[in-house]
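The block underneath contains the structure these notes are about, expressed in C-alpha cells.
4 protein chains.
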Amino acid sequence: MVSAAVMPRPGAAVELRRFPAPRPAPGGAVLETVMSEVCGTDVHLHHGRLAGVPYPIIPGHVSCGRILETGGPLADLDGRPLEPGRLVTFFDVFGTCGACWHCLVAKAATRCPHRRVYGITTGADEGLLGGWAERIELRPGVRMLPLPDGLEPEDFMGGGCGLPTGLHAIERAGVALGDTVVVQGSGPVGLNAAVFAQLSGALRVLVLGAPAARLEAARRLGAEDVLDVEAEPDPAARARWVRERTSGRGADVVVEASGVAAAVREGLEMVRDGGRYVVVGQYTDAGEVLLNPHVHVNRRHAAVLGCWGFEYTHLHRGLALMARHRDRFRWRELISREYRLADAGRALADMAARTVIKAAIRPAP
Amino acid sequence: MVSAAVMPRPGAAVELRRFPAPRPAPGGAVLETVMSEVCGTDVHLHHGRLAGVPYPIIPGHVSCGRILETGGPLADLDGRPLEPGRLVTFFDVFGTCGACWHCLVAKAATRCPHRRVYGITTGADEGLLGGWAERIELRPGVRMLPLPDGLEPEDFMGGGCGLPTGLHAIERAGVALGDTVVVQGSGPVGLNAAVFAQLSGALRVLVLGAPAARLEAARRLGAEDVLDVEAEPDPAARARWVRERTSGRGADVVVEASGVAAAVREGLEMVRDGGRYVVVGQYTDAGEVLLNPHVHVNRRHAAVLGCWGFEYTHLHRGLALMARHRDRFRWRELISREYRLADAGRALADMAARTVIKAAIRPAP
Amino acid sequence: MVSAAVMPRPGAAVELRRFPAPRPAPGGAVLETVMSEVCGTDVHLHHGRLAGVPYPIIPGHVSCGRILETGGPLADLDGRPLEPGRLVTFFDVFGTCGACWHCLVAKAATRCPHRRVYGITTGADEGLLGGWAERIELRPGVRMLPLPDGLEPEDFMGGGCGLPTGLHAIERAGVALGDTVVVQGSGPVGLNAAVFAQLSGALRVLVLGAPAARLEAARRLGAEDVLDVEAEPDPAARARWVRERTSGRGADVVVEASGVAAAVREGLEMVRDGGRYVVVGQYTDAGEVLLNPHVHVNRRHAAVLGCWGFEYTHLHRGLALMARHRDRFRWRELISREYRLADAGRALADMAARTVIKAAIRPAP
Amino acid sequence: MVSAAVMPRPGAAVELRRFPAPRPAPGGAVLETVMSEVCGTDVHLHHGRLAGVPYPIIPGHVSCGRILETGGPLADLDGRPLEPGRLVTFFDVFGTCGACWHCLVAKAATRCPHRRVYGITTGADEGLLGGWAERIELRPGVRMLPLPDGLEPEDFMGGGCGLPTGLHAIERAGVALGDTVVVQGSGPVGLNAAVFAQLSGALRVLVLGAPAARLEAARRLGAEDVLDVEAEPDPAARARWVRERTSGRGADVVVEASGVAAAVREGLEMVRDGGRYVVVGQYTDAGEVLLNPHVHVNRRHAAVLGCWGFEYTHLHRGLALMARHRDRFRWRELISREYRLADAGRALADMAARTVIKAAIRPAP
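Protein chains in written order, with the working numbering: chain A, 1 to 365; chain B, 366 to 730; chain C, 731 to 1095; chain D, 1096 to 1460.
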C-alpha cells in the first residue's frame, strides 16, 4: 500500500489515503514520485472553479519521479531506453485522440475533447493519476522525458507547469528580436514567461506583480524593471509606467499571467499600436472585463491571443532549454518551501496566500 | 471656380461652396471628379465622432476621376504614363513618413503619426482634398491607379473604400482553404469582406446583418446563408444559428464589420476553438463591451485581431481582383442611388438611415 | 474470392490475382471499390523508382468505394455514422504514430518514419491494401470521408490524389490575394494546383506544360494563359514568356509540378524578387540540377519550399471545396478514360505515355 | 581638404586622395569618421565581382562617427536630438523609394530598384559617401542612430555590417525556442548569425568554418561545437558531424554564410526534414552548385530561404541588442587589427587572406 493526498471535493480538507501499490499496464510505467508541485490550478481545484473535475482527485499535474517498473521496454523520443532507476518527468496530458476534427483539421490539439490531464481531470478511483502520491501510474502512451544530465528534480520542479505554459505563451506572442515584453503577474507562469521572452530575443522585460518576493525573483530572472501592483493600485499609473519605459508607445508584447480579469483592460493599455497581447492567465473563469473595441483592438491594430494549455513539444523544448540555461536562470530558487505529503493542505494554503512562489511536495516517506 | 460640398462642422448641414479651380503642383495632378462616395465614415464625420478632424472639410475619401492636368510626367507602379484623360482612382492616404519608428521598426504603416487621409483629416482651407467636389487636387506623392480596362467608375465605386478595407480585414484573418467565415454586418465593409473571404479560399460565408436589401446583396455576392439581426434580436440565438451551421464548433473566422460594440461579445461566441476574430468595424468609438477573458479568449485559444485602415497594396490588389471578378461579384449593383453634389446632404441622411447600400456622389455639373 | 491487379515487381506486367474476400477487423471496414486511379506515382512504382516498396503490391492509393461491412459502429469527423452502403473515400496514409519526434516536436507529420500509404508501401501479402481491387480493406484507424451530397465518384476521382497534393502545394506557397501564380507542369497535380491557386486568391494563373489536351484542360480550369513546352523547348524563352506577363518582374509564386529536375532552374528564373517557389513535382528522384545560389536564391530573396505528401486535413478540405466548386472547376472531365481491372496494365501504359490526363480503374466485375 | 581612401577600379591599388571638406545639405549631416570597416563585400568590390559599381569609389558601408555639423535640427526615431558631438552610426542604405511596386505591393524593400548603398553603389565623384574617409557626408533622409550609452565604437564596429546581416538571416530562418542551428562559415556574418540564433531561442549552435582563430571566436560567442573545414575537407563527413549531434535527424535550421557555392549542397544535407535553410553568404556570384530537388528539397519538405541585404529595422534592433548583451557576446574582440587610412590596401589584403576576423579602419589623422 502507498499513500496519496486526496482532495475529496471542493472546499474540503485534503486527506491522506492509502492505495494498493500499482503495477504497470503493458506499455505503461510506475514512478516513485520524487517531487510534485502545488500550482495555481490546484488552488482553483480546491475552490471548485474548474468544470468537470471528477472529485475525489489526487492533485499534482506536473511531477518528477524515478521509474520503478515498466510494462515492457520503453524509450524516449530519441530512442533512449527508459529503464527502472531513471529520473524522469512526463507530459501530463494524455488521451488526445489524434482522430477528431480539432486534432486533424484545425490542428488545435489543446482543444481536443478527448484530452485528459493528470491531477486535474482524473479521479482518485481511476488510480494514482496525480503527483501528490508516493507512486504515479503512467498509462500506456503517456510520454516520459528523462531529466537531462546535470538537471536535478529541484531545478525542474522550480519551473514546474509554469515552464511549458510560459514557453507556450511566448511562442504564441511571436517575440521578435529586440522586442520589449511586459508581463502582468509574477507567479510561476509570469516568471517563466519573463525567462522565455528573453530567450526568444526580447531586448527588455518589464514585470508587474506582487508581492515583493516574487518581484525580486523576477529581477533575478532578468527583468529590467518591476512594478509592485500592491504599491501602485491605479491601473492608469501602471500603464503610464510602461509607456514611460517605451518612448510613450507601449510594449511590443504584453503577456497576461495574472488571473485577474481586470488585468486584460489594463494590459491592453500597455500594448503599442500593432502589438500583441497574450492571455494565458485566465485559466479559470475570473469574471468579466469592460473593453472598448475601438480603443483597445481596432484602432490599435492589436492582436489579442488566447493561449490554452500546452503540448508535448513545449515541455520537451522547455526542459532542454532549462538544462542549457540553468545557471543563467536559477529556476530552483523559485521553490520557496518543500512539504511532506501529509502537509499538502498547508502547501495549498500557502500557495493560495501567495506566501510562497512555488510550493513543492515531496511524497517520499 | 468649381463647386464642392462642404461639411462646416459636426451636425451642421452640408453646404455647396465655390473654390478657385486648382492647378497641379510639380509631381501632383488635378482630377475632374467622376464619382465619389458616402461611406459610414462620412456619417461618423457628420456626427462628430472622429477626433482631430479639421472642420470645415470636403468629405469623400475614395473617389474616381479623370486626369485633367499633371505637374509634369507621371506614371503608375508599372511605369505606364498617367496622362490627361485617363480614368483613375488614387490611394487616399498620404504623408505616411517612411521615417518614423512605426514605419521603419514596427512596420505598422497604418499607425504612422504623420499619415493623412483625403476627405477625413484634410481641411477645406487646404484645397480640394476630398471627393465631394468637381475637382480633386492630388498632392505630389499621392498614388494614382488607372482603372483597369473594362472597369467603369460605377464598378469601382460600388466597392469604394469597402474594397480595400474588406480585403485588409480578410488578409488579417488569414483565411485557410476550406474555412467557414462569418461576417457580422452587411454594410459595404462586411459585403466586401464576404467577397474576399470567398476569393481567399473560404468554403462558406455566413452573413448576419440588416436590412433585407443588404442581406439580399450578401446572397448575390455568394453568402451561403444570411440572418436578419432585426428579425432575430437575441444574441444567443444568433450564435446558435452559427453553431448549427458549423457542427456545433463555431466558425474558423469571424469578421466584425458592424460598428456596434456589443457585436464583439456576440461574435466571439461564434468563433471555434483556435479560431480568429477580426475587429474592423469599430472605426469610431462605439462604446464598451463586457467580455469574459477566460471564456472568450483564453480557453478558446482565440486570436482577436484589430484591423486599422488599409495600405496602398490593399487598394492595388483589390482593384485588380475586382477587374478579374466583376462578373462573378457585381459590385456596381451595391450603388443604390446616385446624388448630385447639391444633394450630398440627402445622400448622407440616406446612408445614416441605411435606406441605401452605397450612396454615390456625381459631382459633374 | 475477389480479384485485384497486382504489380509483381518493377518492370513486370500487371497481373490479375484472386484473394479471399476480406472481413473487417474491429474498428476497420471493407469497401466495395467503385473507382481507383492510375497516377504518376503508379508509373514510378512500375519503373521501380521508389525505395522500400514491398513488391508484389496492389497499387491505387486514392480510391472511392461503397462501405460493405464495418467492424462495429464507425463515424466520420463530424460524428455522422459510416454505415454499409455509404459512398466514401479514405485518407490513404495510416500508421502515422503521433508519438515520435517528427510528430510531436517538429510537427512534420508527413515525415513520420512510421507513416504508411495504401497502394505504395503496403504489400499484396498483407491484404487488399490498394485500390486496384474489387474490395479494399480499411485497417482500424484509417479515416473514411463520405462523399458530400451531389458529388459522384467520377468527380472525386477526377481530382484523385492530385486534389490534396495540389491543395497542400498551394497552402505551402502562401498565396496572397492578387498574386500571379505560375504552374510548371499540366498533369493532375499541376492542374489541381492551378485550381487551388485561384481559390486561394490568385489574380492570374499561368500554366506551362504539355501535351495540348492537358493545356486545354488548364484553360478550362481557369488558367489565363498556357505555354506548350514541347512547342517552346528553350527554357530562357519560357522564362521570358512569364516575365512578359508580369511587368518583367516574374511571378509571385511558381509551383513546380513537372517531375523534371531541370524545371527547378527554369522555374526559379520565373520567380519575382521576394517570391516563393514550391517544389512538389519531384516525388521521385528525377536527377540533379545546376543552380546558382547567388542568382536564384540569395539576391532574389526567394523562398524555395519543398512540399512532401499530404495530411488528412488537405483531403478533408479539398473534398469539401470540390463539392462547393464542382460546377466552376469540372474535375470529372479530367478522366480521359476508364479501364476495367483486367486492363490496368494498359491504363498504366497510357498514363506513362501521357495520352490520358487521368486514367480511372473501375474494378467492379 | 580631407583625405579618403579610393578604390579606382577593380584590381587597382587603393589610393589616398584629397577632397574638399563637405558641408551638410539641409536635412543632411557631416560626420567625422571614427571607425569604418573592411568587410567581405569590400574584397568583392576590389575583385570587381559586383555589377553596377560606379568606380572610383570610397568603400566602407558601415561606419561610426561623430556628428560635426547638421543641416538644421535632426532627431532620431525616438525624437532625441542629433547634435554635433554625438557619436552615431547610420543606415547605409538610402534612396529606397517607398513608391514602387517592390516597396508598396510586394513589400520587398531590399529589392527596391532605387536603393543605393554607401560605399558600394556610390561613386567618389558624388562626394564622401563611404567610410574610408576622414569625413562622411550624410545625405538628407539618411537615418542616423546614436550609439547607446556604454557602447563604444570598437563594440559596434566589432559587429559592423555583419550585425544587421546576421540578425536578418536569423529572422528569416524563424528560429523556434529549442532549435538546433548550424552556421556554415565563421566570418563576421556567420559569427553574428551564431549570436542572434542564441538570442532567438536556439538551444545549441554548431559552427563549421576556418581558420582556427575564427572558430575560437565562435566558441567564445557561445557555439556549442565547431568543425574546422580545412581539417575536414570531406563534405559527407561534415554532414555526418552535424547528424551525429542531432540524433541523426539534422539541424532545425542551417544558415549558409560561407560565400562558397558548394556549401549549399553540403548544408542541405545537414537540414532535418521540415527544416529551414537560409542562404545569406552568396552576396556575389560564387558559381553554381548541383542539387537534387527530390533529395534536398521535396522529400525533405525543406524551406530554402534567400536573404538579401538588410533594412533599417535590423540595424536598429541589432544595435539595441548589442548594447544589452555586450558582456555576454564580446563583439569588440572580433576586431583583429586596426589600420590607418593610408593602410587601407593592407587591410583589404589581410581580409582577403582571412588573417584577420574583422579589419577596422581608423581614418582620424
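Beta carbons are placed, not taken as given, at the ideal position from N, Cα and C, and that holds for glycine.
- The beta carbon of leucine 1386 of chain D falls within 8 Å of a beta carbon belonging to chain C, placing the residue at that interface.
- Bounds of any alpha helix (DSSP H) do not take in phenylalanine 749 of chain C; it lies within the beta strand (DSSP E) bounded by 745-749.
- Counting only runs that start and end inside the region 80-151 of chain A, the beta strand (DSSP E) elements of at least 3 residues fall at 87-90, 135-138 and 144-146.
- Leaving aside the five residues that flank arginine 739 of chain C on each side, the residues in its chain whose CB is nearer than 6 Å to its CB run, in chain order, Tyr785.
- According to DSSP, residue pairing for cysteine 64 of chain A in a beta bridge involves A:Met35 and A:Thr89.
- When DSSP states are grouped into helix, strand and coil, alanine 369 of chain B belongs to the strand group.
- Counting only unbroken stretches of 4 or more residues, the alpha helix (DSSP H) elements lying wholly within the region 937-1016 of chain C are 942-950, 965-974 and 992-998, in sequence order.
- A straight line joining the alpha-carbon of glycine 574 of chain B with that of proline 598 of chain B spans about 11 Å.
- Only Asp808 and Gly809 from the region 801-823 of chain C bring a Cβ to less than 8 Å from some Cβ of chain B.
- Straight across, the Cα-Cα distance linking glycine 892 of chain C with threonine 771 of chain C is about 11 Å.
- The region 1398-1410 of chain D makes contact with the region 1258-1276 of chain D: 3 or more CB pairs, one atom from each, lie closer than 8 Å.
- Not a single CB atom of chain B sits nearer than 8 Å to the CB of glutamate 244 of chain A.
- Taking C-alpha positions only, arginine 23 of chain A is separated from threonine 355 of chain A by approximately 38 Å.
- Three or more Cβ pairs closer than 8 Å define a contact, and the region 829-840 of chain C falls short of that threshold against the region 901-918 of chain C.
- Residue-level contact check: tyrosine 677 of chain B touches chain D, since one or more beta carbons of chain D fall below 8 Å from its beta carbon.
- Judged by DSSP secondary structure, glycine 1401 of chain D falls within the beta strand (DSSP E) whose first and last residues are 1398-1401.
- The region 732-749 of chain C and the region 852-867 of chain C touch, with no fewer than 3 CB-CB distances between them shorter than 8 Å.
- With respect to the 8 Å criterion, alanine 194 of chain A and alanine 223 of chain A are classified as neighbours on the basis of their beta carbons.
- According to DSSP, arginine 705 of chain B shares a beta bridge with B:Arg727.
- With its beta carbon less than 8 Å from one in chain B, glycine 306 of chain A belongs to the interface.
- Distance from the Cα of arginine 727 of chain B is smallest, within the candidate group B:Leu396, B:Arg705 and B:Ser565, for B:Arg705.
- Rounded to whole angstroms, proline 1235 of chain D and aspartate 1347 of chain D show a C-alpha spacing of 43 Å.
- As the crow flies, the alpha-carbon of arginine 689 of chain B is around 32 Å from that of valine 990 of chain C.
- When Cβ-Cβ separations below 8 Å define contact, glycine 40 of chain A makes no contact with chain D.
- Judged by DSSP in its simplified three-state form, alanine 1170 of chain D adopts strand.
- Listed as beta-bridge partners of glutamate 799 of chain C by DSSP are C:Val760.
- In terms of Cα proximity to serine 186 of chain A, the closest of A:Thr284, A:Leu206 and A:Pro81 is A:Leu206.
- Interface criterion met: the Cβ of serine 930 of chain C is under 8 Å from a Cβ in chain B.
- Leaving aside the five residues that flank alanine 1077 of chain C on each side, the residues in its chain whose CB is nearer than 7 Å to its CB run, in chain order, Val768, Tyr1069, Ala1089 and Ile1091.
- Comparing alpha-carbon positions, the option among B:Gly425, B:Val644, B:Gly640 and B:Leu699 lying closest to arginine 299 of chain A turns out to be B:Val644.
- Counting along the chain, the unbroken beta strand (DSSP E) around leucine 1020 of chain C starts and ends at 1019-1021.
- Within the same chain, Cβ atoms closer than 6 Å to the Cβ of methionine 35 of chain A are found at Cys64, Pro153, Met157, Ala360 and Arg362, the five residues on either side in sequence being excluded.
- At a Cβ-Cβ threshold of 8 Å, arginine 603 of chain B and arginine 637 of chain B do not count as neighbours.
- Looking from the CA of serine 930 of chain C, the closest CA among C:Leu817, C:Thr910, C:Pro941 and C:Glu974 belongs to C:Thr910.
- In the three-state scheme derived from DSSP, where H, G and I count as helix and E and B as strand, isoleucine 170 of chain A is classed as helix.
- One thing to note: valine 6 of chain A has its Cβ no nearer than 8 Å to the Cβ of arginine 135 of chain A.
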